[in-house]
Structure formats: C-alpha cells, structure tokens
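Down below is the structure, laid out as structure tokens.
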Ligand code: 5AD
Ligand code: SF4
C-alpha cells in the first residue's frame, strides 16, 4: 500500500504558515506523506487569507483549476481552511461545491477528523465562532521547519515502537528511529546562528529518544570512536556502557546552545517520563515550563485496552512529580472519548482524573476507527455516537473549567512573551506566547516584529487566552527580515 500524499498551499501571512504546519503535522499523523509534485497530491489544502488584496480571486482561480483536476481524478480531496473560509463561508460553499472540507481559523486541529467525516457524508463545513477559539497549537506532530524565522521545529525521532491500539502511526511510520545526538546539536547550533531562538523538539515518544542509538552503540565493535556523534558523550561515561536515557541529555545539550532561549518538546509518553527529564527541565532555564502529557483515558481498563502501559494512578503520580520538580509548570493533554467498550463508569473516571489533574489545556478527540489499527476491529464494542457526543460535551465542561481557573490565576503576573504577530481577532492587538505556551494578547503603540521578546502584565483571562498590557520590550528579534513574497 503506498501512502496517500498531500500538498498545502498557503496564502497570506506567517500565522497562516504556522497553521499550515499544524495541518501538515495532522495529515502526517494520519499516514499521509508530502507530495513530491503538488499537482499529483491526493489531498490538497488551501489555507486561505482574507487580508491580502485579491486573495479571494486567487482562491477561486485555484479552485477552478482544482475542479478540472477533480473531474480527471475523482479521488482528489480538497480542504479549504483559514481566514477566508472563516469569513466567506456561504460564498465559498456556493461557488465551490467540489470542496470536501471547509474549516475556519479556530478549528484547524479538526482538519483530519472532518476529512474522514466528508468521506462518509459528503462535503463538510465546520466553522467555529470566536467563543470557541482554541487549539492554538497542536501537539505531537511530525512537522518540518516552521516558517517562522525565530522559531523552528526539530524532528528528533520518527516512527513509534508503542502499540496504542487506536493509533495508526506505528503502522504508517514504522519503528522508532532517532536522529544522531551530535547531528541534532549541530542542527540547533546552525539554527541559532541563523537567528532562531526557539526550538521545538518533535517525536512521537520523545522520552524514548536514543534507545535505538544506545542499543546499536553497545553492540558495535569500535563504538567508542563515534559515540559522541551518535549518542552523545554521556551515555557511555561509565565503562559498563550502561544504557541511559538520552532525552534528558539532549534537552540539556540543546538548551546550552548559545542563542537558544526557549526549548519546547512534544510529546512525551507518560509511561516513559523519567526523573532525569524532570531534572533537566528544571535545571535548564531555556526549557519552557510546559509539559504536554497525553492522558487518553482515566479508566484503567480502557488504558489497558488502549495498550498505554500506565494506570490513572501512575499517570497522576508522574504529573505530581513533574509539578513538584518544575516551578510553575503548565500541563496540557490529549483525551479520547468513546474508545470501544467505554462504559459510563469508565467515562466517569476520565472526568474524575481530568478534574484532579487540573489541566491548563486539553485536546479532546472523539475515537475514530482507523483502518489497520487493532481498535478498528472492535466494532462490536463501538459506543453509540449520541452517547459519545454527550460525553464529549461533559468532558469539555470539566477541562474548560480548569483551563479558565489556570488562566485567571495568572492575572496580575508579569509574563515574558515572544510576539507572534498581529492578533487575528483585533488588528490593534499583538498576539504572543508565554513560556507556558499560553496565548497572550496585548496592545502596543508600536508594531513589534514577530520574534520580539517583551514582558507583559496579565490583566484578563479566558479559557484559551490571556490579555494584558505591555510592560517593556526586552529584545528585538535577531533573525533576518524576510520579505513576504509568498506563496499566494
Ligand atoms: N481516534 C481519536 N483520537 C486519536 N488520536 C490518535 N489516534 C486517534 C483515533 N484513532 C489522538 C490521541 C493522540 C492525538 C495526537 O490524537 O489523543 O494523542
Ligand atoms: Fe500512537 Fe501511542 Fe505511538 Fe503516540 S505512543 S504515536 S499514540 S502508538
């Protein structure tokens, strides 16, 4: 079976490019690979912009070409996302009946689910209103270098050796393969020299980073000669060539690179979250105080059926250890509702664990059977969609409550932020990210370039954002200014 391919065409600004990368990550997690030639892609995404002049004409022109392409290749699937979709939905629907999915700027993370839905039901339009603005970032994506100059994704590992029964990644991505330690450090050094000051380390299971490397080193005859490049210098520091987890070392090594001010990573698997990682996060100032720790379910029997390798109690212990070790830690998670066989009691446990964990942010997903996964064969235990939908809403209430409480608790604090650009909701405001990965909007008399570091007093909060006032500018971005010729 050859993998389906995708191509994304981005119109407009850097924020849109950022969203496109999220969509790319989602499509890749669903088993698609980038098309070598955009004209042959199986799935085409048009991530639109309504700010630039003529953007709508360009979009409808492109859609015209795609209509002809779809007549020749009926399997071609088209997604239209972004600002124009958000603002111009009726027109778009009227003029582009051949589009499979239309989604807005607030539900980018739903791209793959909606694509699956459209295969069942025909064209789908889902636009969220602003009150539901969320999912500003998406976890666990294998994505390429961000198109934002000050910030870059660094893929440290591909594939996954776990066997979560709902997940298609191991089937489409194969075994875990780590990139050599020295290569990664050298890449981060290059990025830093280029003006990047924020990196996000990406892998399906970052905490097992390097397991394959150290195993291979231990067996190699003349391993010592290139240990430092392959697996770093620390793992074999003792003569027994004892295998030690490399992720904590990697975090420390990339944090030490001159010019790197923020290090993020996603995602660690709770079963592999080790004390060394917590220590490394706590000790390295550059590592951001944010942890994405996917819970998936709060019921031990569902966790077993999912093959997650931990119980709810163990998850909460790991979480407590992380919070105890890392000052002012924000925690986000992923939770799946309606896994086959999930009873009311199982779901009550998920609600209870979610309430106890007090997440800052939860990405909640409705279980969707993916062909080729074990859970897709549990059709006899699929949960009634009406029940799943009611549970989804209930869970949302619980996770929104803790998110709002966490955000409100920050009112009155001064946060260090990195500016991302002009706010999508209000062009008088700038949007920025705190070290905890929270979105913070603030007014500024001068337009600050993306990548500017500033301190901002938090004065207001919602479940998915903070708002505040500029206190002072800390540093201008060091990267070169890119002339926005782009894409569109
Ligand atoms: N159904 C629903 N959610 C899923 N995820 C992965 N596979 C599925 C599926 N088959 C969710 C998990 C994972 C996130 C990236 O996507 O919560 O952590
Ligand atoms: Fe999928 Fe589980 Fe691997 Fe994550 S850890 S990619 S959910 S199999």
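In our numbering, the protein residues as written are 98 to 585. Cβ atoms here follow ideal geometry from the backbone N, Cα and C, with glycine treated the same way.
- Counting only runs of 3+ residues, the beta strand (DSSP E) found wholly inside the stretch 383-466 occupies 387-389, 427-434, 458-463, in chain order.
- C-alpha of residue 434 to C-alpha of residue 210: approximately 14 Å in a straight line.
- Taking a cut-off of 8 Å on C-beta distances, the stretch 549-557 touches the stretch 527-540, as three or more cross pairs fall below it.
- Distance check between residue 522 and each of 514, 513, 537, 509 places 537 closest, using alpha-carbon atoms only.
- For residue 531, the secondary structure class from DSSP, reduced to helix, strand or coil, is strand.
- Taken from the Cβ of residue 431, at least one heavy atom of the ligand 5AD lies inside 8 Å.
- Residue 365 sits away from residue 418, with the two beta carbons spaced by 9 Å or more.
- The closest heavy atom of the ligand 5AD lies 8 Å or more from the beta carbon of residue 408.
- Bridge partners of residue 565 according to DSSP: 539, 555.
- A contact between stretches requires three or more CB pairs, one per stretch, nearer than 8 Å, and the stretch 268-286 fails this requirement with the stretch 487-496.
- Per the Cβ contact rule, the stretch 388-397 is not in contact with the stretch 350-357 (fewer than 3 Cβ pairs under 8 Å).
- Judged by beta-carbon spacing, residue 472 lies within the 9 Å limit of residue 436, meaning their Cβ atoms are closer than that value.
- For residue 456, the distance from the CB to the nearest heavy atom of the ligand 5AD is not below 8 Å.
- Residue range 511-519 is occupied by the beta strand (DSSP E) that includes residue 513.
- Taken through DSSP and simplified to helix, strand or coil, residue 331 comes out as coil.
- Here residue 365 carries a coil assignment [DSSP, helix/strand/coil].
- Relative to the ligand SF4, the beta carbon of residue 266 is positioned inside 8 Å of a heavy atom.
- Residue 361 is not a Cβ neighbour of residue 376, given a cutoff of 9 Å.
- In the DSSP assignment, residue 182 falls within the unbroken alpha helix (DSSP H) covering 180-184.
- DSSP places residue 304 within a helical segment (H, G or I) once states are collapsed to three.
- The C-alpha of residue 478 is placed about 15 Å away from the C-alpha of residue 467.
- In the DSSP assignment, residue 375 falls within the alpha helix (DSSP H) that extends over 372-380.
- Distance from the CA of residue 402 to the CA of residue 343, rounded to the nearest whole angstrom, comes to 29 Å.
- Assigned with DSSP and collapsed to three states, residue 310 falls in helix.
- In the three-state reduction of the DSSP assignment, residue 120 falls in the helix class, which pools H, G and I.
- Shortest Cα-Cα distance from residue 173 to any of 395, 141, 297 involves 141.
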